[in-house]
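Asker: Numbers -9 to 417, taken from my numbering, label the letters of the sequence shown in order.
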Amino acid sequence: MIRIQKHHRLASAALVCTLSILAGSVSGNALEVSASYKKNAEKAFDGFLQNLWPEAQQRGISRKVFDASVRRISLQWNIPDLAPPKIAGEQPAASRKRQAEFGSPGRYFSDKSLSQLAQTGRRNLGKYASAFARIEKTTGVPKEVVAAIWGRETAFSGAKIPHSAISVLATQAFLGRRPDFFRPELLAIMEIAQRGIVPASQLKSSWAGAMGHTQMLPGLYLKYASDGDGDGKSDIWNSIPDALATTATFLKASGWKPGLSWAYEVEQSSALDCTLEGPDQGRPVSDWIAAGATRVAGRKWPARLNNVKSYVIMPAGRFGPAFIATDNYYAIKNYNESDLYVLYVGNLADRIAGGGAFKTGWRKVDTFTRPTMKKVQSKMVALGYNVGDSIDGLIGFRTRTATGMHQKKLGMAVDCWPNRPFIARLK
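(1) Does the Cβ of N337 have 16 or more other Cβ atoms within 10 Å, making it buried, or fewer, making it exposed?
(2) Measure the CB-CB distance between L210 and I125 and report whether it falls below 8 Å.
(3) What does DSSP give as the partner residues of Y301 in its beta bridges?
(4) Which residue's Cα is closest to the Cα of A312: D71, I322, A261?
(5) Using the rule of at least 16 other Cβ atoms within 10 Å of the residue's Cβ for burial, across every protein chain shown, is A339 buried or exposed?
(6) Sorted by chain position, which residues of the same chain lie with C-beta nearer than 7 Å to V286's C-beta, five sequence neighbours on each side aside?
(7) Can you list, in chain order, the residues of its chain with a C-beta nearer than 6 Å to that of M201? Leave out the 5 residues immediately preceding and following it.
(8) So, at 6 Å on beta carbons, what are the nonlocal neighbours of A84 in its own chain, with the 5 sequence-adjacent residues on each side left out?
(9) Measure the Cβ-Cβ separation of H153 and Q66 and say whether it is below 8 Å.
(10) Apply the 10 Å Cβ neighbour rule to E80 and answer buried if 16 or more other Cβ atoms are within range, or exposed otherwise.
(11) For S17, is the classification buried or exposed, using 16 other Cβ atoms within 10 angstroms of its Cβ as the cut-off for buried?
(12) Alpha carbon to alpha carbon, how far is D71 from P361? Give it in angstroms, no decimals.
(13) Y211 lies in the alpha helix (DSSP H); which residues open and close that run?
(14) Please classify S216 as buried or exposed, where buried requires at least 16 other C-beta atoms within 10 Å of its C-beta.
(15) Taking DSSP as the reference, what is the three-state secondary structure of I385?
(16) Taking Cβ positions, are L177 and L42 nearer each other than 8 Å?
(17) As a quick exercise: from I322, S59, A414, S26, pick the residue whose alpha carbon is nearest that of K365.
(18) Could you tell me which whole alpha helix (DSSP H) segments of length 4 or greater appear in the stretch 267 to 302?
(19) One question on the structure: do L252 and Y319 come within less than 8 Å of each other, judged by their Cβ atoms?
(20) What is the DSSP secondary structure of H396, reduced to helix, strand or coil?
(21) Does DSSP classify M402 as helix, strand or coil?
(22) In the DSSP assignment, find the unbroken alpha helix (DSSP H) run with A73 in it and report its ends.
(23) If I follow the unbroken beta strand (DSSP E) through A253, where does it start and stop?
(24) Between the alpha carbons of L193 and V60, how many angstroms are there, rounded?
(25) Which value, in whole angstroms, describes the spacing of the CA atoms of H203 and A160?
(26) Are A145 and I342 closer than 8 Å when you measure CB to CB?
(27) Between the C-alpha atoms of D101 and K290, what's the straight-line distance to the nearest angstrom?
(28) Using CA atoms only, rank isn't needed, just tell me which of G96, R142, R97, S94 is closest to T110.
(29) With C-beta atoms as the reference, is S64 less than 8 Å away from S157?
(30) What span of residues does the alpha helix (DSSP H) with W140 cover, start to end?
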């Protein structure tokens, strides 16, 4: 069974961007706090930072670098995803998110945007040809895939990365919804400062702390930093080859298998059971072929794939494209755990290589707010179904497969999408 590591983009702005494009917007409103709370929070924040010193010291961070890092930090009250703790008897409400409706995943795939990014991607393959050649030779990851991640993350470095990374990470570690996740990332960026790779003032990030041309969190940078331009260091902030090489190294470590595509689009048909989706239901490609899976546009299955372990992917149930994915799909998913992100990167990579849009279109589906879907998931859990690690209001593969299994039980058409008729029959 494929295990998706949650150490990279679980808390990243890229995942939120995925949802915002799909659903309209999920940007948080500014946190509303009183002047007294702010004053008390700033004081508590100073104590929080100073209490990091023993952990920082254990990581080899000098007192000089630690003190300089702390002096640069300020609370960022306007970033999203904050849930301030109770301080001096006062606890403000968490920053609210607009209750957007989640519609067809197809809204995430703008043909115009993808075409433009693919064109830019092809130009960059030429511009950085030597760097991409080294990356392919050392990691086995195709240049188009690495370029697609770069394009998806920062529009080939055209996006603005405005925030002080250390202030963002400190704020998320103190005021955020996932302090345990961000605390080690805060210490990691201090370690980066200790190494002196770039001036501290250049350590910019998204509102969730992801840095550089391909948006990596500090902890992963420390683990996978690679030198793509041969200057003896890994500067993912200023060197595009370094950022690309670091991303490719991460994908290789995540299990990328050279010579395989990330996925193969197949025809939507009853021969492919949508309840068999997911990384825990992998089987050889030959098994899917025997079950009736056929590639789109009459394309043939290469014989070398017969014994390759593969997985069904139906991001919209029977209301959109279907895929037989390889382990490389899940290598990309380790970069960002959203299926739509993987499909976007995969399709962009295919387009950069000369391909086009998915052959099967995205059909209209019923839309729901996230709180509504949480209620649906709770009912399904009560019926004994597995909807994932948590009730999160997102229609992931476990919610889709659980929906399909219950549709079978109810004698309904099995499409693996929780539509209104299905929800009405949930007890």
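Ideal Cβ placement from N, Cα and C applies to all residues, glycine included.
Answerer: The relevant details are as follows:
(1) buried
(2) no
(3) A315
(4) When C-alpha distances from A312 are compared across D71, I322, A261, the shortest belongs to A261.
(5) buried
(6) E255, V256, E257, K349, T350
(7) A155, S195
(8) A73
(9) One thing to note: H153 has its Cβ within 8 Å of the Cβ of Q66.
(10) exposed
(11) Unreliable placement is indicated for S17, whose pLDDT of 47 sits below 50; no coordinate value is reported for it.
(12) 16 Å
(13) Annotation for Y211: the continuous alpha helix (DSSP H) segment containing it runs 208 to 214.
(14) buried
(15) coil
(16) yes
(17) The residue from I322, S59, A414, S26 with its alpha-carbon nearest to that of K365 is A414.
(18) 275 to 281
(19) Looking at the sequence shown, residue 252 is not Leu but Trp. In contact: W252 and Y319 (Cβ atoms closer than 8 Å).
(20) helix
(21) coil
(22) No alpha helix (DSSP H) contains A73, which DSSP labels as neither H nor E.
(23) 253 to 256
(24) 14 Å
(25) 22 Å
(26) no
(27) 26 Å
(28) It is R142 whose Cα lies nearest to the Cα of T110.
(29) yes
(30) In the DSSP annotation of this structure, the continuous segment of the alpha helix (DSSP H) that includes W140 starts and ends at 133 to 144.
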